Amino acid sequence: MKTTSPLAIISLVSGILGWVPLPIIASIVAIITGHMARAAIRRQPDQLDGDGLALAGLILGWSSVIVSLLFITAVILFFGGLAALLAWLGVSGHFN
């Protein structure tokens with residue numbers, strides 16, 4: 000009888016949590032446990048199940064990390080571009 004890998008369940012739950020309450024920490028946990036679960040399932044295919052759960056956790060974890068990095072990059076580019084535009088216009092940001 001096959002049992003579902005606990006690491007696969009942790010990966011899926013962490014991947015879901017990585018989208019709202021704990022974006023960075025839960026996403027990293029989802030990625031690490033997803034890889035560990037898939038490796039364990041490949042080593043013991045007759046005893047462990049849950050490869051789809053681990054894969055879903057990996058996809059959710061990686062996509063959350065990518066979206067977070069894109070958001071941070073967009074914020075930096077926006078405010079950096081805004082600062083460059085204000086400098087080009089001669090606005091110092093200091094008002095007397």
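The sequence shown begins at 0 in numbering that gives the first Met the number 0 and counts up one residue at a time.
Cβ atoms here follow ideal geometry from the backbone N, Cα and C, with glycine treated the same way.
Being a predicted model, the structure only gives us computed values, none of them experimental.
By Cβ distance below 7 angstroms, which residues in the same chain neighbour residue i in space, the five residues on each side in sequence not counted?
i	result
residue 61	30
residue 25	13, 16, 17
Here's the rule I'm using: 16 or more other beta-carbon atoms within 10 Å means buried, otherwise exposed. How should residue i be labelled?
i	result
residue 51	exposed
residue 2	exposed
residue 49	buried
So residue i is in the alpha helix (DSSP H); what residue range does that whole segment cover?
i	result
residue 50	50–88
residue 22	22–42
Leaving aside the five residues before and after residue i along the sequence, list all residues of the same chain whose C-beta is less than 6 angstroms from its C-beta, in chain order.
i	result
residue 55	11
residue 32	6, 9, 10
Under a three-way DSSP split, which group does residue i fall into?
i	result
residue 11	helix
Between residue i and residue j, which are expected to be in contact by the criterion C-beta below 8 angstroms, what is the C-beta distance as a whole number of angstroms?
i	j	result
residue 7	residue 36	4 angstroms
residue 53	residue 40	7 angstroms
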